[in-house]
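Participant: So that we are looking at the same thing, I have put the structure below in structure tokens.
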Amino acid sequence: MEVKKKAEMSTEMSTERAAEITTLISIGELARRSGVASSALRFYEERGLIQSIRPVALESGKPRSSRRMYAKDVLRRVSFIRVAQIVGLSLDEIQQALATLPQQRTPGKQDWERLSRSWQPLIQERIDTLTKLRDQLSSCIGCGCLSLKSCALYNPGDLAGLRGSGARYLMGDSSKTVLAENRIKKK
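Given below as structure tokens:
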């Protein structure tokens, strides 16, 4: 349910932004339309990813209610947050990106395109890592032993473990490099 409210928003908001926002939606409506639980929306607000508006009464200057209301353009931000999370970006990365959007006006198509372009290298890096994982997983499953730690073909004698902790092959080490280094150490 959309609620029509005119200017005179909270004092934290610029006059231009307040004049731009004429239609507010409740947290329940935002949850319904975005497919995100109200509790998640409150969490996003606590993290500074989205911002609610508390309309004030003209005569007293006090909030009309404690009910959270949102500008309709918050729907786009919530959609962006959901997509970014699906891609695997952290809330900190999402928050940094959203901070580059204009606060004094509704972000336009160019703003969103600029933000999206800035993420392309990061997303490509994640795609490359997932592709490497997929390819290496196929090799391991093809062997039949299903053990990256003790596989005689993929990681003989747990040589990757000598390089340090973590997923060494996903971190850029190759089994050939690990084997070569081990041969040099044995000499």
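Using UniProt numbering, you'd call the opening residue of the sequence shown number 1 and step up by one each time.
A virtual CB, placed ideally from N, CA and C, is assigned to each residue, including glycine.
(1) Would you identify the three-state DSSP class for THR11, choosing helix, strand or coil?
(2) Return helix, strand or coil for SER26, following the three-state DSSP convention.
(3) Could you give the distance in angstroms between the alpha-carbon of ASP135 and the alpha-carbon of GLN51?
(4) How about LEU30 and LEU75: are their beta carbons less than 8 Å apart?
(5) List the endpoints of the continuous alpha helix (DSSP H) containing ALA40.
(6) Can you give the Cα-Cα distance for ILE27 and PRO121, rounded to whole angstroms?
(7) Exposed or buried, LEU146, counting other C-beta atoms within 10 Å across all chains shown (16 or more means buried)?
(8) Quick one: measure Cβ to Cβ for ARG42 and VAL87, integer angstroms, because I've assumed they're closer than 8 Å.
(9) From the DSSP output, in three-state form, read off residue 191 for me.
(10) Could you tell me the alpha carbon to alpha carbon distance between THR106 and ALA71, rounded to whole angstroms?
(11) Output the residue ranges of the beta strand (DSSP E) runs that lie fully inside the segment 65 to 124 and measure 3 residues or longer, sorted by chain position.
(12) Quick one, are the C-beta atoms of LEU49 and ILE25 less than 8 Å apart?
(13) Using 8 Å as the threshold, is the C-beta distance between ARG47 and GLN95 below it?
Facilitator: On the basis of the coordinates in this document:
(1) Reading the sequence shown from its first residue, position 11 is the one you call residue 11. With a pLDDT of 39 at THR11, under the threshold of 50, the modelled position of this residue cannot be trusted, and the question is left open.
(2) The residue labelled residue 26 in the question sits at position 26 within the sequence shown. Correct three-state label for SER26: strand.
(3) Start at 1 with the first residue of the sequence shown, and residue 135 comes out as number 135. Start at 1 with the first residue of the sequence shown, and residue 51 comes out as number 51. The straight-line gap from Cα to Cα measures roughly 42 Å.
(4) As a position in the sequence shown, residue 30 is number 30, starting the count at 1. As a position in the sequence shown, residue 75 is number 75, starting the count at 1. Cβ atoms of LEU30 and LEU75: closer than 8 Å.
(5) Against the sequence shown, residue 40 aligns to sequence position 40. From DSSP, the alpha helix (DSSP H) with ALA40 extends over 38 to 46.
(6) Position 27 of the sequence shown, counted from the first residue, corresponds to residue 27. Position 121 of the sequence shown, counted from the first residue, corresponds to residue 121. For ILE27 and PRO121, the distance between alpha carbons rounds to 34 Å.
(7) Position 146 of the sequence shown, counted from the start, is the residue given in the question as residue 146. Low per-residue confidence applies at LEU146: pLDDT is 49, beneath 50, and the placement is therefore not dependable, though the value from the model is reported in the following sentence. Counting Cβ neighbours within 10 Å, LEU146 comes out exposed, since fewer than 16 surround it.
(8) On the sequence shown, position 42 is the one that residue 42 refers to. On the sequence shown, position 87 is the one that residue 87 refers to. About 23 Å; that fails the 8 Å criterion.
(9) Outside the displayed span of the chain (1 to 187) sits residue 191, for which this structure offers no information.
(10) Translated into the one-based positions of the sequence shown, residue 106 becomes position 106. Translated into the one-based positions of the sequence shown, residue 71 becomes position 71. So the alpha carbons of these two residues sit roughly 9 Å apart.
(11) 69 to 71
(12) As a first step, residue 49 is located in the sequence shown; it is residue number 49 there, counting from the start. As a first step, residue 25 is located in the sequence shown; it is residue number 25 there, counting from the start. No, these two residues do not count as a Cβ contact at 8 Å.
(13) Here residue 47 is taken as the residue at index 47 of the sequence shown, counted from 1. Here residue 95 is taken as the residue at index 95 of the sequence shown, counted from 1. Yes, the pair counts as a contact, with Cβ atoms nearer than the cut-off.
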